[in-house]
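One structure below.
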Amino acid sequence: MEPSLATALVITAVLVIKTAVLELRNPGSARREWAFVTDKVALAGGSLTALAVGAAGWAYGGYGVVAWALLAGLLVAQVMGRRSER
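Just so we're aligned, residue 1 is where the sequence shown starts under UniProt numbering, counting upward by one.
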């Protein structure tokens, strides 16, 4: 396994564990934190980001870039989804 791919997977695992711990402390928080998956604008922004990162880095990083592109898209979608919470 490439080091770059392993790093992206570890960061993803940390985000999932963080969500689980917060859900145990405050039931319902995971649903609020992951509500962006039903927001079409947030998903479109995240998808566009993942596509741009993947396309720009494919020649340089190969398959490791796919994991980073998906992670970047996920984080962008999550931030864009929080715009509707205000």
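For every residue, glycine included, the Cβ atom is placed at its ideal position computed from N, Cα and C.
Open item on the list: If I follow the unbroken alpha helix (DSSP H) through Pro3, where does it start and stop?
Closed with: Pro3 to Arg25
Task: Per-residue DSSP class, three states only, for Trp34 - done: coil
Open item on the list: Please report the distance separating the alpha-carbon of Gly62 from that of Gly28.
Closed with: Spanning the two alpha carbons is a distance of roughly 38 Å.
- [ ] Give the range of the alpha helix (DSSP H) segment to which Gly57 is assigned.
- [x] That run of the alpha helix (DSSP H) goes Lys40 to Gly61.
Open item on the list: At the level of alpha carbons, what is the spacing between Ala72 and Ala20?
Closed with: 20 Å
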